[in-house]
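These protein sequence lines map, in sequence, to chains A, C, H and R. Take the first sequence: its letters are residues 1 to 205, numbered as in our numbering. Take the second sequence: its letters are residues 206 to 410, numbered as in our numbering. Take the third sequence: its letters are residues 411 to 615, numbered as in our numbering. Take the fourth sequence: its letters are residues 616 to 820, numbered as in our numbering. Reading through the structure tokens given below for one structure.
4 protein chains.
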Amino acid sequence: MEVELLAHTGLAADMPAVPGCTEADSVVIYAISQCYRARPNPNMIRHCLERGHHSVFEHIHFTFAVRGISRACLAQLTRHRLASYTVESQRYCDYTKKPVDFVQPDTIAGEAAERYRAFIEQAQDCYRDLRAAGVPPEDARFVLPQATMTNLVFTMNARELMHCFKLRLDPHAQWEIRELFARVRDLVRERAPLTFAARAAEEEL
Amino acid sequence: MEVELLAHTGLAADMPAVPGCTEADSVVIYAISQCYRARPNPNMIRHCLERGHHSVFEHIHFTFAVRGISRACLAQLTRHRLASYTVESQRYCDYTKKPVDFVQPDTIAGEAAERYRAFIEQAQDCYRDLRAAGVPPEDARFVLPQATMTNLVFTMNARELMHCFKLRLDPHAQWEIRELFARVRDLVRERAPLTFAARAAEEEL
Amino acid sequence: MEVELLAHTGLAADMPAVPGCTEADSVVIYAISQCYRARPNPNMIRHCLERGHHSVFEHIHFTFAVRGISRACLAQLTRHRLASYTVESQRYCDYTKKPVDFVQPDTIAGEAAERYRAFIEQAQDCYRDLRAAGVPPEDARFVLPQATMTNLVFTMNARELMHCFKLRLDPHAQWEIRELFARVRDLVRERAPLTFAARAAEEEL
Amino acid sequence: MEVELLAHTGLAADMPAVPGCTEADSVVIYAISQCYRARPNPNMIRHCLERGHHSVFEHIHFTFAVRGISRACLAQLTRHRLASYTVESQRYCDYTKKPVDFVQPDTIAGEAAERYRAFIEQAQDCYRDLRAAGVPPEDARFVLPQATMTNLVFTMNARELMHCFKLRLDPHAQWEIRELFARVRDLVRERAPLTFAARAAEEEL
Numbered sequence: 001m002e003v004e005l006l007a008h009t010g011l012a013a014d015m016p017a018v019p020g021c022t023e024a025d026s027v028v029i030y031a032i033s034q035c036y037r038a039r040p041n042p043n044m045i046r047h048c049l050e051r052g053h054h055s056v057f058e059h060i061h062f063t064f065a066v067r068g069i070s071r072a073c074l075a076q077l078t079r080h081r082l083a084s085y086t087v088e089s090q091r092y093c094d095y096t097k098k099p100v101d102f103v104q105p106d107t108i109a110g111e112a113a114e115r116y117r118a119f120i121e122q123a124q125d126c127y128r129d130l131r132a133a134g135v136p137p138e139d140a141r142f143v144l145p146q147a148t149m150t151n152l153v154f155t156m157n158a159r160e161l162m163h164c165f166k167l168r169l170d171p172h173a174q175w176e177i178r179e180l181f182a183r184v185r186d187l188v189r190e191r192a193p194l195t196f197a198a199r200a201a202e203e204e205l
Numbered sequence: 206m207e208v209e210l211l212a213h214t215g216l217a218a219d220m221p222a223v224p225g226c227t228e229a230d231s232v233v234i235y236a237i238s239q240c241y242r243a244r245p246n247p248n249m250i251r252h253c254l255e256r257g258h259h260s261v262f263e264h265i266h267f268t269f270a271v272r273g274i275s276r277a278c279l280a281q282l283t284r285h286r287l288a289s290y291t292v293e294s295q296r297y298c299d300y301t302k303k304p305v306d307f308v309q310p311d312t313i314a315g316e317a318a319e320r321y322r323a324f325i326e327q328a329q330d331c332y333r334d335l336r337a338a339g340v341p342p343e344d345a346r347f348v349l350p351q352a353t354m355t356n357l358v359f360t361m362n363a364r365e366l367m368h369c370f371k372l373r374l375d376p377h378a379q380w381e382i383r384e385l386f387a388r389v390r391d392l393v394r395e396r397a398p399l400t401f402a403a404r405a406a407e408e409e410l
Numbered sequence: 411m412e413v414e415l416l417a418h419t420g421l422a423a424d425m426p427a428v429p430g431c432t433e434a435d436s437v438v439i440y441a442i443s444q445c446y447r448a449r450p451n452p453n454m455i456r457h458c459l460e461r462g463h464h465s466v467f468e469h470i471h472f473t474f475a476v477r478g479i480s481r482a483c484l485a486q487l488t489r490h491r492l493a494s495y496t497v498e499s500q501r502y503c504d505y506t507k508k509p510v511d512f513v514q515p516d517t518i519a520g521e522a523a524e525r526y527r528a529f530i531e532q533a534q535d536c537y538r539d540l541r542a543a544g545v546p547p548e549d550a551r552f553v554l555p556q557a558t559m560t561n562l563v564f565t566m567n568a569r570e571l572m573h574c575f576k577l578r579l580d581p582h583a584q585w586e587i588r589e590l591f592a593r594v595r596d597l598v599r600e601r602a603p604l605t606f607a608a609r610a611a612e613e614e615l
Numbered sequence: 616m617e618v619e620l621l622a623h624t625g626l627a628a629d630m631p632a633v634p635g636c637t638e639a640d641s642v643v644i645y646a647i648s649q650c651y652r653a654r655p656n657p658n659m660i661r662h663c664l665e666r667g668h669h670s671v672f673e674h675i676h677f678t679f680a681v682r683g684i685s686r687a688c689l690a691q692l693t694r695h696r697l698a699s700y701t702v703e704s705q706r707y708c709d710y711t712k713k714p715v716d717f718v719q720p721d722t723i724a725g726e727a728a729e730r731y732r733a734f735i736e737q738a739q740d741c742y743r744d745l746r747a748a749g750v751p752p753e754d755a756r757f758v759l760p761q762a763t764m765t766n767l768v769f770t771m772n773a774r775e776l777m778h779c780f781k782l783r784l785d786p787h788a789q790w791e792i793r794e795l796f797a798r799v800r801d802l803v804r805e806r807a808p809l810t811f812a813a814r815a816a817e818e819e820l
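Written out as structure tokens, the structure is:
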């Protein structure tokens, strides 16, 4: 799995950052200060986090390029409806021409791993055979397993990210989506350290 | 594929239907009449359809129980974010105990169909082998193909249904989701014939 | 203020209610039972409430006709984005022809009340004078105060209603929207007593 | 009315812009190229606009500080639910301490303008009298007219902006929200000229 921060909210060219703050945190602070007709102040973020005024965190967005997650993980991710997704379509991809890779869970080890890899080969063989028999890609993909790797770009605002961290960084969450959001969290904390403050995030959890 | 109408918006016990109209259409008419301080009138629906005042159609919702669609189709369906989904989880299902079925596209026929069914057997064998080797269900499911049948309940309002009909009843849409929304359309037209009027729906298309 | 339940989710004609349950609660139970491939059981609702599985409560919707709230209250209500609104337009209403009423807060009493009512008269006089001078209704309404009564129809699902009850039944909420949601709560509890269980609702608060 | 671009989506520090493109347009192009496994190319934007693949335009967001619109205009703006708003609260503002200004429509001229300004004085006097009589700010504001100026910050993605331009730049739209979105359009076109291409925008209209 690769998770890359592709883009995020930054200040307009003529707007200065709040002293000592990143651009993303500054956007949140400016929104709060407008609301209260008060001078921008970094403490405003902590104040809103503590009081549960979470709507101000919707003003900053983060866009990620994700490569190499399973279709199983994708299905979980896209259940979060307050986000935007651009996903590589299996329907139009002819996997006899493009390489296709597969995620292998850590719990599948030793002999089970050999069994698993042999099956993955069978799936690819069957896909090729169906295509050779004239089955269109959109139907040949019916044999592709949940393990099939997929790529996507998604955009989410900071409020929804906080909500996802709460649900998906929980020890009961599935390992793959937990890893995805752990990486996402590290990427956004660097750009908006006040918004995604460690202490506040832990309280959430 | 089975698509059943489980529930839909109806009038409160003490509200009479607009004469000659179904309960669902009456709800839309009442909303419009409130907005314009005018007497309820069935023609109001046609008027709103023609003028593009589509928000009034958000007041009526329809809930469907869907059984036997592929995971591929599920992934397409759940991309529609203005809806509510309750989906059977593959993560907690142990398919060595519960039966699992698979969708077979019509384009996979003759020898290809034999090849396809043999592969489906291989997938089930591999799932069982992995479970026997101690792999948990949430990871064993990585071998389940996109063809795996799934069940779900979803709820959508009439405005979003109209939007889906436009996109998914198009000849370029994938056959399985086209069939799903064709059945959905027949079910909702019976309950809200003015809202989902044939003429208006065709104009949309 | 008048709040009337206009419509709500009911079972399709051929679906029986879960024994001992209302139609709305039955819809939630059916959605849960589908998800777990288990027999419908009224306890499923309590189970989901306690575990925080709130998405199943999105399957039932309630539609209200509200008459006689202030524009101030309307502005607060429509900030809840997960709902559908049909609002009487001030822009097209000519209030020299239609009666216009005004909300009077309880805190405005005694002499202040006389002062208030005199001002309301001034506002209506000014509206009429502007209309007489040829100002169109959409601009004459600029003099209408926040107290101006308005009518609307809104639809919200049970999950979002629970969220609104938490925010708007709080003692710190404004009195008018608190009264609105107190009435809404009484109306929905009658139709979905398990979903809006007193105990669970209090825990939320 | 003042409309200022406060922030918008920009590329992450280590991502180069697509040659000849702004940062915002580059984000859209990267999302599309990921989806099709194709090399980033400025023509991809026109292609998506023409084919109606609008979801890719959800990846870029724009945040505006708006000062001096009427409450009437605010009510229209916030009906767009696919956006984030941080609005100055009238409920907690004591307008005996902070200055309050009022929008005056162009149609109110000559003698009507004198009548209008006299009424605005009456509204302010009444507000002060009510406050002096002990009425709390949240209830005293009931006398404030729709003309009362308000400030807010809002964030919207490019897809929803296109939708608003279609509705709100229409000659039938109210003059104040038309002016608001005309300024918004000029601001975003500069940052994302391919996404908000003049030709495409006109076709939409």
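The beta carbon of each residue, even a glycine, is placed where N, CA and C say it ideally should be.
- Name the residue from C:Cys369, C:Leu254, C:Gln281 and C:Ala338 whose alpha carbon lies nearest to the alpha carbon of A:Glu111. Position 111 of the first sequence, counting from 1, holds the residue named residue 111 of chain A. Ranking C:Cys369, C:Leu254, C:Gln281 and C:Ala338 by Cα distance to A:Glu111 puts C:Ala338 first.
- Query: If you compare alpha carbons, which of R:Tyr651, R:Leu621, R:His669 and R:Tyr645 is closest to R:Phe811?
  - Reply: On the fourth sequence, position 196 is the one that residue 811 of chain R refers to. Of the candidates R:Tyr651, R:Leu621, R:His669 and R:Tyr645, the one whose C-alpha sits nearest the C-alpha of R:Phe811 is R:His669.
- Message: According to DSSP, A:Ile69 sits in a beta bridge with which residue or residues?
- Response: Locating residue 69 of chain A in the first sequence gives position 69, counting from the first residue. Looking at the DSSP output, A:Ile69 shares a beta bridge with A:Thr150.
- Expected contact under 8 Å - CB spacing of R:Gln761 and R:Arg686 to nearest Å: One-based indexing of the fourth sequence puts residue 761 of chain R at position 146. One-based indexing of the fourth sequence puts residue 686 of chain R at position 71. Here R:Gln761 really is in contact with R:Arg686; their C-beta atoms are around 5 Å apart, less than 8 Å.
- Mind pulling the chain A residues with CB within less than 7 Å of C:Ser275? For this step, residue 275 of chain C is matched to residue 70 along the second sequence. Ordered by position in chain A, the residues that pass the 7 Å Cβ test against C:Ser275 are Phe142.
- Task: For chain C, find out if any of its Cβ atoms is closer than 8 Å to the Cβ of H:Asn561; answer yes or no.
- Result: As a working note, residue 561 of chain H is residue 151 in the third sequence. Yes, its Cβ sits closer than 8 Å to a Cβ of chain C.
- Name the chain R residues whose beta carbon is nearer than 8 Å to that of A:Ala224? Chain A is shown from 1 up to 205; residue 224 of chain A falls before or after that span and cannot be answered.
- Task: Could you give the DSSP three-state label for A:His172: helix, strand or coil?
- Result: As a working note, residue 172 of chain A is residue 172 in the first sequence. A:His172: coil per DSSP, three-state reduction.
- Message: Tell me the residue span of the beta strand (DSSP E) that contains H:Ala417.
- Response: Here residue 417 of chain H is taken as the residue at index 7 of the third sequence, counted from 1. Glu412 to Leu421 is the extent of the beta strand (DSSP E) around H:Ala417.
- Message: With H, G and I counted as helix, E and B as strand and the rest as coil, what does DSSP make of H:His490?
- Response: The residue labelled residue 490 of chain H in the question sits at position 80 within the third sequence. Looking at H:His490 - three-state DSSP - the assignment turns out to be coil, as it is neither helix nor strand.
- Near-chain H residues of the region 214-225 of chain C - C-beta to any C-beta below 7 Å: Here the close residues are Thr214, Gly215, Leu216, Ala217 and Met220.
- Query: Is any heavy atom of the ligand GDP found at a distance shorter than 7 Å from the C-beta of H:Glu586?
  - Reply: Judged by which ligands are present, the structure shown has none, so any question about the ligand GDP falls away.
- Task: Establish whether the CB of R:Val702 and some CB of chain A are separated by less than 8 Å.
- Result: The sequence position of residue 702 of chain R within the fourth sequence is 87, counting from 1. Output row for R:Val702: interface = yes.
- Closest by C-alpha distance to C:Glu293, when choosing among H:Arg447, H:Pro603 and H:Val553: Position 88 of the second sequence, counting from 1, holds the residue named residue 293 of chain C. If you compare the alpha carbons of H:Arg447, H:Pro603 and H:Val553 with that of C:Glu293, the shortest gap goes to H:Arg447.
- Query: Leaving out the 5 sequence neighbours to the left and right, which residues in its chain are closer than 6 Å to R:Arg682 when beta-carbon positions are compared?
  - Reply: Here residue 682 of chain R corresponds to residue number 67 of the fourth sequence, with the count starting at 1. Excluding residues within five positions, the ones whose Cβ falls inside 6 Å are Glu617 and Asn766.
- Task: Compute the distance between the beta-carbons of A:Val143 and C:Thr312, then report whether it is under 8 Å.
- Result: Residue mapping note: residue 143 of chain A aligns to position 143 of the first sequence, counting from 1. Residue mapping note: residue 312 of chain C aligns to position 107 of the second sequence, counting from 1. Not closer than 8 Å, so no.
- Query: So, does the CB of H:Cys445 fall closer than 8 Å to a CB anywhere in chain C?
  - Reply: Here the question's residue 445 of chain H lines up with position 35 in the third sequence. Any Cβ of chain C closer than 8 Å to the Cβ of H:Cys445 would place that residue at the interface, and such an atom is present.
- Item | 8 Å Cβ shell around R:Pro657 - same chain, five flanking residues per side excluded | Numbered from its first residue, the fourth sequence carries residue 657 of chain R at position 42. Counting only Cβ-Cβ distances below 8 Å, and skipping sequence neighbours, we find Val633, Gly635, Cys636, Asp640, Ile644 and Leu809.
- Ordered along the chain, which non-local residues of its own chain (more than five positions away) have a Cβ less than 8 Å from that of H:Leu484? The count along the third sequence starts at 1 and reaches residue 484 of chain H at position 74. The answer, listed in chain order, is Val497, Thr560 and Leu562.
- Query: At which residue ranges does the region 701-755 of chain R contain complete alpha helix (DSSP H) runs of 4 or more residues, listed in the order of the chain?
  - Reply: Within the region 701-755 of chain R, the complete alpha helix (DSSP H) segments of 4 residues or longer fall at 726-747 and 752-755, listed in chain order.
- Message: As a quick exercise: from R:Phe672, R:Asp754 and R:Asp801, pick the residue whose alpha carbon is nearest that of A:Tyr85.
- Response: As a first step, residue 85 of chain A must be located in the first sequence, where it is residue number 85. Per the Cα distances, R:Phe672.
- Straight-line gap, H:Glu589 to H:Val510 (C-alpha atoms, nearest Å): Stepping through the third sequence from its first residue, residue 589 of chain H is reached at position 179. Stepping through the third sequence from its first residue, residue 510 of chain H is reached at position 100. Whole-angstrom Cα-Cα distance: 21 Å.
- Quick one: which chain H residues come within Cβ less than 7 Å of R:Leu784? Start at 1 with the first residue of the fourth sequence, and residue 784 of chain R comes out as number 169. Correct list: empty, because the minimum Cβ distance to chain H is about 17 Å.
- Message: One question on the structure: do R:His676 and R:Thr770 come within less than 8 Å of each other, judged by their Cβ atoms?
- Response: Here residue 676 of chain R corresponds to residue number 61 of the fourth sequence, with the count starting at 1. Here residue 770 of chain R corresponds to residue number 155 of the fourth sequence, with the count starting at 1. Annotated as proximal: R:His676 and R:Thr770, with beta-carbon spacing under 8 Å.
- Query: Rounded to whole angstroms, how far is the Cβ of C:Asp299 from the Cβ of C:Arg336, which I believe are closer than 8 Å?
  - Reply: Indexing the second sequence from 1 puts residue 299 of chain C at position 94. Indexing the second sequence from 1 puts residue 336 of chain C at position 131. Indeed, because the Cβ distance is near 7 Å, the residues count as touching under 8 Å.
- Straight-line Cα distance separating H:Ala602 from C:Asp219: Position 14 of the second sequence, counted from the start, is the residue given in the question as residue 219 of chain C. Position 192 of the third sequence, counted from the start, is the residue given in the question as residue 602 of chain H. Cα to Cα, C:Asp219 sits roughly 17 Å from H:Ala602.
- Residues of chain A with a CB under 8 Å from the CB of R:Leu620: which are they? Sequence index remark: in the fourth sequence, residue 620 of chain R carries index 5 (1-based). In chain order: Ala12.
- Task: Establish whether the CB of C:Thr268 and some CB of chain H are separated by less than 8 Å.
- Result: As a position in the second sequence, residue 268 of chain C is number 63, starting the count at 1. Judged by the 8 Å Cβ criterion, C:Thr268 is in contact with chain H.
- Any chance you could list the alpha helix (DSSP H) runs of at least 4 consecutive residues sitting entirely within the region 638-680 of chain R, in chain order? Within the region 638-680 of chain R, the complete alpha helix (DSSP H) runs of at least 4 residues fall at 638-651 and 658-666.
- Message: On the criterion of 16 or more Cβ atoms from any shown chain inside 10 Å, does H:His418 qualify as buried, or is it exposed?
- Response: As a first step, residue 418 of chain H is located in the third sequence; it is residue number 8 there, counting from the start. That one is buried.
- Query: Who are the neighbours of H:Ala441 on chain C, taking C-beta pairs under 7 Å?
  - Reply: For this step, residue 441 of chain H is matched to residue 31 along the third sequence. What H:Ala441 touches in chain C, judged by beta-carbon distance under 7 Å, is Thr291 and Val358, going in chain order.
- Quick one: which chain R residues come within Cβ less than 7 Å of H:Val545? Counted from its first residue, the third sequence places residue 545 of chain H at position 135. Chain order gives the chain R residues near H:Val545 as Thr722, Ile723 and Ala727, where near means a beta carbon separation below 7 Å.
- Query: Which class does A:Met15 belong to by DSSP, given the choice of helix, strand or coil?
  - Reply: As a first step, residue 15 of chain A is located in the first sequence; it is residue number 15 there, counting from the start. Here A:Met15 carries a coil assignment [DSSP, helix/strand/coil].
- Report the residue from H:Gln514, H:Gln500 and H:Pro515 whose alpha carbon sits nearest the alpha carbon of H:Lys508. By one-based count along the third sequence, residue 508 of chain H stands at place 98. The closest CA to that of H:Lys508, considering only H:Gln514, H:Gln500 and H:Pro515, is found on H:Gln500.
- Task: Would you mind sorting H:Pro581 into buried or exposed? The rule is 16 or more other CB atoms within 10 Å of its CB.
- Result: Here residue 581 of chain H is taken as the residue at index 171 of the third sequence, counted from 1. The residue in question, H:Pro581, is exposed, as its Cβ has fewer than 16 Cβ neighbours within 10 Å.
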